[in-house]
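Take any residue in the sequence shown, note its place counting from 1, add 97, and you have its number in this note's numbering. By construction, the Cβ of each residue, glycine as well, lies at the ideal position given by its N, Cα and C atoms.
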Amino acid sequence: MSGTGVALQYSRSAGRQPRLVLDPVIVMAVAGLLLAGLVMMTSASLNVAERATGDPFFHFERQLLSALLGCTLAGALLFVPVSAWQRFAPVLLVVSFLLLVAVLVPGIGHEVNGSRRWIRIGLLNFQPSELARWLLLTYVAVFAVRHQTELRSSAQGFFKPFAVLVIAAGLLLAEPDFGAAVVLCVAGTAVLFVAGARLRDFLLVAVLGAAALAFLAFASDYRLQRLTGFLDPWADPFRSGFQLTQSLIAIGRGEWLGVGLGSSIQKLFYLPEAHTDFVFAVLAEELGLLGVAAVVIAFLALVLRSLRLSRIAADAGMPLHACLAAGFGVWLGLQAFINIGVNMGLLPTKGLTLPFLSYGRSSMLVTLAWVGMLLRVHHEVAASGRSALPPEARQP
């Protein structure tokens, strides 16, 4: 992954307009994950879709449309300067909280399986938390950079933006969406750390966060049961441990090379949410360790590339670009880690999708839009002439 290469080169020559500089590693990793996601989500959803709608490709058609719209949106955001996000930061904050509050309003929010996480827009079930998390992390990055001096010198500078994250997390918990709240707070704290927050403030929040998570876990019998059920799912394999036992059976059947694409047994109404939260288990069953390794490597490449871009932007004196790249990398890595960990029985069950792979139109649109922002960050860092990128990535 050394070097950045370019799909379109940037020219600083007189009379010529700057051309977009794209990172091929990011583009190829996203393309690979998208392709793998469409294939595996379709394989996992064929029987479910046929039983529910009579059309086995029902979910595939909608996921493909979302991917195409998401790629179009990413392409459009390639032409939105990072400075524009800085100018409209207050709007991002307002829109984020309006979305998180609206989903809790009876008659607007739509409840599924005991959670009020969706708003119906025509035939589309939109999940506001997906968009709100992206906008909130962007706002936190802008705020942290604008108040960098205060952030680096006082606890007040740290806890002002962190309070925004806590309030948003509270609204997410009211849905309830415990996993999304954790990802938001961790990714937001990482953005503040990259912006220059003091280590002692960072550690204090880590301790308080761990205490808060413990309190939330023990405050609810239902939540405690979900958090501890993964430790021994075979103790209650037909109730609290049902999802995990079926997931582990699927992963175990895959062995080295899998049972073959489309040949999963667990997706045949044994494994709940096989095309959403547990699509990774179907991937492991059908493609084995080889397929799992390919997907994990693609995620790892994308996360490490984002974090490397963040470091380069920081060295180039572009703190907002560094925060945005770090925010994406931490968010993507954490959400993928949690989803895969849940599928493998390493973490408690959470309703978090696997980016690019799980069925979810809101998730797909927002994730690809965020990729567009990330590619814009890469372009501006490369085009600045101040980065440590190789010369061939900056000029013809």
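- D412 is the residue among V468, D412 and C420 whose C-alpha sits nearest the C-alpha of S481.
- Straight across, the Cα-Cα distance linking W331 with K447 is about 18 Å.
- CA-CA distance, A479 to R350, rounds to 46 Å.
- With distances taken between CA atoms, F425 lies nearest to L471 out of L471, M415, L380 and M441.
- For the 8 Å CB-CB criterion, V124 and V474 do not form a contact.
- In this structure V145 does not touch H418 by the C-beta definition: roughly 42 Å separates them, more than the 8 Å allowed.
- Two segments are said to touch when three or more pairs of C-beta atoms, one from each, lie closer than 8 Å; by this definition the segment 426-438 does not touch the segment 154-170.
- Boundaries of the beta strand (DSSP E) around W215: S212 to I218.
- Rounded to whole angstroms, I346 and A292 show a C-alpha spacing of 44 Å.
- When the alpha-carbon of A128 is set against those of A164, A141 and L143, the nearest one is in A164.
- Taking one beta carbon from each stretch, the segment 381-394 and the segment 233-249 have fewer than 3 pairs nearer than 8 Å; the two do not touch.
- Taken atom to atom, the span from the alpha-carbon of S226 to that of G134 is near 21 Å.
- With respect to the C-alpha of A266, the residue from T286, G254, Q253 and F255 having the closest C-alpha is T286.
- The segment 394-406 and the segment 264-282 do not touch, with fewer than 3 CB-CB distances between them shorter than 8 Å.
- For E208, no alpha helix (DSSP H) run applies; the uninterrupted beta strand (DSSP E) run containing it begins and ends at G206 to V209, by DSSP.
- Taking V304 as the centre and dropping the five residues before and after it, the same chain places no C-beta closer than 8 Å to its C-beta.
- Within the segment 214-256, complete beta strand (DSSP E) segments of at least 3 residues are found at 221-223, given in chain order.
- In chain order, L358, G359, S361, K364, V379 and E383 place their CB closer than 8 Å to the CB of S140, counting only its own chain and leaving out the 5 sequence neighbours on each side.
- With contacts defined by Cβ atoms closer than 8 Å, G172 and G469 form a contacting pair.
- The distance from the Cβ of A238 to that of C420 is about 4 Å, consistent with a contact at the 8 Å cut-off.
- For R473, the enclosing alpha helix (DSSP H) stretches over residues R458 to A480.
- It is roughly 9 Å from the alpha-carbon of P203 to the alpha-carbon of R213.
- Secondary-structure assignment with DSSP links P203 through a beta bridge to G206.
- When rounded, the separation of the alpha-carbon atoms in P452 and W231 is 13 Å.
- If the five residues before and after F299 are omitted, its C-beta is found closer than 6 Å to the C-beta atoms of F290, all from its own chain and listed in chain order.
- Around the beta carbon of G151, fewer than 16 other beta carbons lie within 10 angstroms, which makes this residue exposed.
- Per DSSP, reduced to three states, the secondary structure at P273 is coil, with no helix or strand assignment.
- Residue state for R116 is assigned as coil, using DSSP reduced to three classes.
- Distance from L268 to T235 at the Cβ level is roughly 17 Å; contact not present, criterion being Cβ atoms closer than 8 Å.
- It is roughly 13 Å from the alpha-carbon of V177 to the alpha-carbon of T169.
- For the segment 119-158, the continuous alpha helix (DSSP H) assignments of 4+ residues that do not extend past its boundaries occur at 121-150, in sequence order.
- D412: member of the alpha helix (DSSP H) spanning V376 to D412, first to last residue.
- Runs of beta strand (DSSP E) with 3 or more residues, each lying fully within the segment 157-182, are absent.
- Where I435 is concerned, the enclosing alpha helix (DSSP H) starts and stops at P416 to N440.
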